[in-house]
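In this note's numbering, the protein residues as written are 699 to 952.
From the three backbone atoms N, C-alpha and C, an ideal C-beta is built for every residue, glycine too.
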């Protein structure tokens with residue numbers, strides 16, 4: 699997930715800086731993810747007690763940004779250790795890739811949030827999500843990963859078991875709560891379920907080439923966000939629609 703400081707990004711001029719774990723700005727949307735869905739590795743990278751794990755993570759992130767495949771054997775060799783030690787430091791390859799991907803999402807989310815600072819309500823929600831989707835679509839090293847490992851990418855990015863998907867849903871839920879409240883538009887949908895729907899829209903258009911063979915498009919994602927976030931006002935004379943049983947925002951509707 700791209701940082702706009704990447705030289706290949708249209709708005710950037712330098713590579714993403716290699717800070718420890720790209721700690722999000724306190725209070726920002728980007729700070730929500732790892733708090734809501736921490737992993738064994740995310741905790742090791744931030745507790746200050748596992749410098750070896752952090753060293754391996756930094757090198758893997760550097761390789762990913764360079765457009766290279768993160769290979770555990772090659773990574774272990776560059777670190778001067780064996781594969782067993784590397785797995786002990788960071789877990790398996792999926793765990794490492796997930797944290798690399800999220801570390802790149804953090805500054806991208808912060809930039810999307812900052813760019814929409816002068817907006818509010820549904821427009822701000824749509825603007826943040828559209829900016830984030832657009833950055834993913836435009837980042838060459840991220841697209842290279844999707845094309846190189848499509849099945850793995852979709853599994854790590856979009857399934858209910860993935861930390862990345864759960865972190866993104868939690869982040870969007872906080873955004874929805876801040877801008878639209880617990881029951882947006884006074885309808886029978888809560889912030890959790892609306893966040894889940896918005897994330898699925900975002901994923902559908904961001905990864906359209908992998909999912910349906912279509913062309914990824916931030917503008918089409920924005921059009922879909924606008925449809926969902928600008929419903930017709932409810933008829934005040936109509937009886938309220940009872941809410942159904944609560945559904946976790948990280949579970950597929952049945």
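- Contact annotation, residue 870 with residue 893: C-beta distance approximately 4 Å; criterion of less than 8 Å satisfied.
- Residue environment for residue 920: buried (at least 16 other C-beta atoms within 10 angstroms of its C-beta).
- C-alpha of residue 863 to C-alpha of residue 747: approximately 27 Å in a straight line.
- Taking the C-beta atoms as reference points, residue 846 is found no nearer than 8 Å to residue 791.
- Here residue 833 is buried. Its C-beta has 16 or more other C-beta atoms within 10 Å.
- In this structure, DSSP gives residue 768 a state outside helix and strand, which the three-state scheme calls coil.
- Between the alpha carbons of residue 854 and residue 794 lies a distance of about 11 Å.
- Between the alpha carbons of residue 926 and residue 879 lies a gap of roughly 15 Å.
- DSSP places residue 913 outside both helix and strand once states are collapsed to three, so it counts as coil.
- At the C-beta level, residue 827 and residue 908 stay beyond 8 Å of one another.
- For residue 802, the enclosing alpha helix (DSSP H) has its first and last residue at 791 to 813.
- Annotated three-state conformation of residue 748 is coil, per DSSP.
- Put simply, the backbone Cα of residue 738 is about 27 Å away from that of residue 905.
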